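Numbering (this note's numbering), first residue to last: 5 to 216.
Where a beta carbon is used, it is the ideal one built from N, C-alpha and C, also for glycine.
This one's a predicted model, so the numbers in the text were calculated from it and none came from an experiment.
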């Protein structure tokens, strides 16, 4: 049960922070920002509390539940530590985002546009560090028809994907140092890098093996 301690603590602390600062929060709190860090979505503070805490609870429950219904459930035992670290990293980012929302709500001038890319970059670096150890399954990792059909393709693709995710994380962390006008133009190629390169690589590896 030790693996559940950290994520449960994060959820409890998040809910507690909302309750502690609830009276200080304005009627409407920002819950969404554009690429330049300008708030463009608001909710009542009650809905903000309910939405943000519920997302963390449901996300954690989903990540715990998925291995139980995966046809390759036995493989999760082979990367259980990595899976726990991935869950912890995701929930930790959500926790920090909640802290930013609360601090912004009570009047602190938080440079969201600079902090969030750092958090996203950190998350991708963590994911990249653990991705290479993820074993074949239907819910976690780079799941393409070619990785799922061949374990060697899965291994090679995830080694490649690890490097791509770490590189993407570093690139995301450079966003705060860019002029605001370039942020959008910079982010989309990085997203392209994350999504399409591992998919294309898995197909290339598969085709190469098919020809041998």
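Under three-state DSSP, which class holds residue i?
{"i": "residue 33", "result": "strand"}
{"i": "residue 145", "result": "coil"}
{"i": "residue 111", "result": "coil"}
{"i": "residue 8", "result": "helix"}
{"i": "residue 103", "result": "helix"}
{"i": "residue 71", "result": "helix"}
{"i": "residue 181", "result": "helix"}
{"i": "residue 76", "result": "coil"}
{"i": "residue 193", "result": "helix"}
{"i": "residue 202", "result": "helix"}
{"i": "residue 66", "result": "helix"}
When the distance is taken between beta carbons, is residue j closer than 8 Å to residue i?
{"i": "residue 204", "j": "residue 39", "result": "no"}
{"i": "residue 94", "j": "residue 127", "result": "yes"}
{"i": "residue 144", "j": "residue 138", "result": "yes"}
{"i": "residue 161", "j": "residue 213", "result": "no"}
{"i": "residue 96", "j": "residue 14", "result": "yes"}
{"i": "residue 179", "j": "residue 191", "result": "yes"}
{"i": "residue 56", "j": "residue 105", "result": "yes"}
{"i": "residue 176", "j": "residue 124", "result": "yes"}
{"i": "residue 26", "j": "residue 75", "result": "no"}
Identify which residue in the options has its Cα closest to the Cα of residue i.
{"i": "residue 118", "options": "129, 18, 184", "result": "184"}
{"i": "residue 79", "options": "88, 166, 176, 140", "result": "140"}
{"i": "residue 132", "options": "163, 121, 207", "result": "163"}
{"i": "residue 108", "options": "207, 169, 30", "result": "30"}
{"i": "residue 101", "options": "76, 9, 146, 22", "result": "22"}
{"i": "residue 166", "options": "41, 16, 152, 197", "result": "197"}
{"i": "residue 159", "options": "89, 136, 110", "result": "136"}
{"i": "residue 9", "options": "152, 89, 208, 195", "result": "89"}
{"i": "residue 134", "options": "120, 168, 103", "result": "168"}
{"i": "residue 46", "options": "149, 32, 59", "result": "32"}
{"i": "residue 58", "options": "12, 42, 211, 41", "result": "12"}
{"i": "residue 7", "options": "64, 199, 110", "result": "64"}
{"i": "residue 170", "options": "41, 195, 37, 20", "result": "195"}
Taking the beta strand (DSSP E) that residue i belongs to, which residues open and close that run?
{"i": "residue 45", "result": "43-48"}
Decide if residue i is buried, meaning its Cβ has at least 16 other Cβ atoms within 10 Å, or exposed.
{"i": "residue 49", "result": "buried"}
{"i": "residue 172", "result": "buried"}
{"i": "residue 84", "result": "exposed"}
{"i": "residue 202", "result": "buried"}
{"i": "residue 193", "result": "exposed"}
{"i": "residue 34", "result": "buried"}
{"i": "residue 206", "result": "buried"}
{"i": "residue 54", "result": "exposed"}
{"i": "residue 120", "result": "buried"}
Can you tell me where the alpha helix (DSSP H) holding residue i begins and where it ends?
{"i": "residue 121", "result": "116-135"}
{"i": "residue 157", "result": "155-178"}
Determine, using beta carbons only, whether residue i comes closer than 8 Å to chain B.
{"i": "residue 194", "result": "Looking at the structure shown, chain B is missing, and only one protein chain is on hand."}
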